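Peer 1: Right, I'll just put the structure down here and ask away after.
Residue numbers (the working numbering): 95 to 370.
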């Protein structure tokens, strides 16, 4: 990752690595820092599922891959633009590794445009209200979301609630894979412990933490309702244990392209615990 000290105005970044905060390889993140004068304000970002990023099968989502290398091109966090000028060498590398290179380039250019538009919009807000008021407003929204979330959690009875279900198989080994969660309610805090979940699989149904956590946060949002603004404050009361080497937190270089199968079972298990 690039620390703030070397992030400069006009940088735009790209990454898709599931083992560095991504989800699966077709989901490509494009992000840009926002500055107001000399002040670093934050980031704007766009994530898009691309048609093809290489790998053994068209579409880059295949149950046949047995490691991440077979699923497509991995992009570490890199500068896609410097001073808003496109890194054509990097673009050419990505386009060459895609069966749909023209579409890949077009979609990346759309993501860049979205980030530039977002950057301009964020600067306009800071220019209108001032950086201090914007920052205090953001913190107030976080605190407000946390307050509403804790209020909803505090209405639940304290205790431990466990639920378990299974994925039929991983496409290679015809044996069921358990997904288990223990939900702990303690005052206004929620804990989710996935101990007891099955080990990572040879098939590409493994889910990296960023994907698994998205299901946990979705379940929390479903619990809270629509009153709280959707921001990080909603998740301050939430802790999650994802045991390493499991299908919900695999070790590199396990394949992850078809993790949607696992995620749908994860949300079933989470709702099974919440239903209690």
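We treat Cβ as the ideally placed atom computed from N, Cα and C, and that holds for glycine. Quick caveat, the model's predicted, so the values are computed rather than measured.
Helix, strand or coil: how does DSSP classify residue 112 here?
Peer 2: If DSSP states are grouped into helix, strand and coil, residue 112 belongs with the helices.
Peer 1: Going by the CB atoms, is the gap between residue 114 and residue 144 shorter than 9 Å?
Peer 2: No. Outside cutoff.
Peer 1: For residue 133, does the count of other Cβ atoms within 10 angstroms reach 16, so buried, or fall short, so exposed?
Peer 2: The residue is exposed, with fewer than 16 neighbouring Cβ atoms inside 10 Å.
Peer 1: Are residue 303 and residue 291 touching if we call contact CB-CB under 9 Å?
Peer 2: No.
Peer 1: Would residue 119 pass as a contact of residue 162 if the rule is Cβ separation under 9 Å?
Peer 2: Yes.
Peer 1: Going by beta carbon distance, what residues of the same chain come within less than 7 Å of residue 266, once the five residues before and after it are set aside?
Peer 2: Excluding positions up to five away in sequence, the list reads 296, 297.
Peer 1: Identify which residue in 299, 131, 139, 352 has its Cα closest to the Cα of residue 107.
Peer 2: With distances taken between Cα atoms, residue 107 lies closest to 139.
Peer 1: What does residue 253 pair with, by DSSP beta-bridge criteria?
Peer 2: Paired residue(s): 279.
Peer 1: Tell whether a beta-carbon distance below 9 Å holds between residue 213 and residue 148.
Peer 2: Result no, Cβ atoms of residue 213 and residue 148 do not sit closer than 9 Å.
Peer 1: Could you give the DSSP three-state label for residue 355: helix, strand or coil?
Peer 2: Here residue 355 sits in helix by DSSP.
Peer 1: Taking the alpha carbon of residue 310 as the reference point, which residue from 282, 178, 367, 246 has its own alpha carbon closest?
Peer 2: Among 282, 178, 367, 246, the Cα nearest to that of residue 310 is on 367.
Peer 1: Which residues share a DSSP beta bridge with residue 137?
Peer 2: In DSSP, residue 137 forms a bridge with 127.
Peer 1: Do residue 239 and residue 323 have their beta-carbon atoms positioned less than 9 Å apart in this structure?
Peer 2: Contact: yes.
Peer 1: DSSP state of residue 180, grouped into three classes?
Peer 2: Here residue 180 sits in strand by DSSP.
Peer 1: Are three or more beta carbon pairs between the stretch 123–133 and the stretch 200–217 nearer than 8 Å?
Peer 2: With a cut-off of 8 Å, the stretch 200–217 and the stretch 123–133 count as touching, because enough Cβ pairs lie within range.
Peer 1: Are the stretch 273–284 and the stretch 253–262 touching by the rule of at least three beta carbon pairs closer than 8 Å?
Peer 2: Yes: the two stretches touch, three or more of their Cβ pairs being nearer than 8 Å.
Peer 1: CA-CA distance, residue 105 and residue 172?
Peer 2: The straight-line gap from Cα to Cα measures roughly 10 Å.
Peer 1: How big is the Cα-Cα spacing for residue 142 and residue 242?
Peer 2: Taking the straight line joining both Cα atoms gives about 30 Å.
Peer 1: Got a sec, what are the start and stop residues for the beta strand (DSSP E) residue 229 sits in?
Peer 2: Residue 229 -> not in any beta strand (DSSP E); alpha helix (DSSP H) instead, spanning 225–248.
Peer 1: Count the other CB atoms within 10 Å of the CB of residue 357; is the residue buried (16 or more) or exposed (fewer)?
Peer 2: The residue is buried, with at least 16 neighbouring Cβ atoms inside 10 Å.
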